[in-house]
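K.L.:
Respectively, the protein sequence lines represent chains P and F. Per the working numbering, the first sequence starts with residue 3, numbered consecutively. Per the working numbering, the second sequence starts with residue -17, numbered consecutively. From the three backbone atoms N, C-alpha and C, an ideal C-beta is built for every residue, glycine too.
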Amino acid sequence: DIQMTQSPPSLSASVGDRVTITCRASQSISTYLNWYQQKPGKAPKLLIHTASNLQSGVPSRFRGGGSGTDFTLTITSLQPEDFATYYCQQSYNTPRTFGQGTKVEIK
Amino acid sequence: EVRLLESGGGLVQPGGSLRLSCAASGFTFSNYAMSWVRQAPGKGLEWVSGISGSGGSTNYADSVKGQFTISRDNSKNTLYLQMNNLRAEDTAVYYCAKEPRRDGYNPFDYWGQGTLITVSS
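1. Mind checking whether the beta-carbon of Gln40/P lies closer than 7 Å to any heavy atom of the ligand PLP?
2. Output the boundary residues of the beta strand (DSSP E) element that contains Tyr76/F.
3. Which partner residues of Ala6/F appear in the DSSP bridge assignment?
4. List, from N- to C-terminal side, the beta strand (DSSP E) runs of 3 residues or more that fit wholly inside the segment 39 to 78 of chain P.
5. What residue from Ile31/P, Gln40/P, Ser69/P has the CA that sits closest to Asp84/P's CA?
6. Mapping DSSP to helix, strand and coil, what is Asn13/F?
7. What is the rounded straight-line gap between the Cα of Tyr92/F and the Cα of Lys109/P?
8. Would you decide whether Lys106/F is buried or exposed? Buried here means 16 or more other CB atoms lie within 10 Å of its CB.
9. Of all the residues that make up the segment 78 to 109 of chain P, which are near chain F by a beta-carbon distance shorter than 9 Å?
10. Please classify Gln5/P: is it buried, with 16 or more other beta-carbons within 10 angstroms of its beta-carbon, or exposed?
11. Please state whether the Cβ-Cβ distance between Thr33/P and Ser69/P is less than 8 Å.
12. Just the C-alpha distance for Ala70/F and Arg20/F, rounded to the nearest angstrom, thanks.
13. Please return the same chain residues whose Cβ sits closer than 6 Å to the Cβ of Ser7/F, not counting the five positions on each side in sequence.
14. Grab me the residues of Ser28/P's own chain with a C-beta within less than 7 Å of its C-beta, minus the 5 sequence neighbours each way, in chain order.
15. Does the beta carbon of Ala45/P sit closer than 8 Å to a beta carbon anywhere in chain F?
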């Protein structure tokens, strides 16, 4: 199975900050990498698919990048509604594995 | 509007069985693969099982292989997950999730609200 490792596990940031979350795959997955946002008690929401493609309706302050084994999710200017947990997930093969999550908290 | 509505969750004793359903609307159900993803309390996301749009291809996580069975009824726009021999570690919120293509390994572009399964005596 492909292991997905996110860092950091959590971070504290202020509104307006630039935030970057990293996801590393245990083997190359090309650009088959997706990012989700989950708020407490809610279902996850797809933000970015295939590493850098913004899902319809997602604000442009969310940016994805990377290929191979190393990927990033950047929020260019953190907004109050962005405080949540973020997960990466590979869709290169089965089982489709997730990272352990990164919780973005208010500083 | 895409809508996914899970049902069938609840409290079940260890060793028991349960069948989850996911009623889909707002899209041509048979054109899209579907999956089940679970989340244990306070934990991360775990993909459980997936099925192609036709139902002819299925995949399972090793943790549930031989224990869970995914299926779909395209005439009823409904996805199912039959769960047998349930264990405490199967306790989780179970989400059904739509994929953007009929086949293959895809992201999950729409999710249901989830249904809680608690395995306890």
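P.N.:
According to the data block:
1. Absent from the structure shown: the ligand PLP. Ligands present: none.
2. 74 to 80
3. Answer by DSSP bridge pairing, in chain order: Leu(-14)/F.
4. 47 to 51, 64 to 69, 72 to 77
5. Gln40/P
6. The answer is helix: DSSP assigns Asn13/F an H, G or I state.
7. 31 Å
8. Past the boundaries of the shown model lies residue 106/F; chain F is included only from -17 to 103, so the question cannot be answered.
9. Result list: Thr87, Tyr89, Gln91, Gln92, Ser93, Tyr94, Asn95, Thr96, Pro97, Arg98, Thr99, Phe100, Gly101, Gln102, Gly103.
10. exposed
11. yes
12. The C-alpha of Ala70/F lies about 14 Å from the C-alpha of Arg20/F.
13. The residues are Arg(-15).
14. Ile4, Gln5
15. yes
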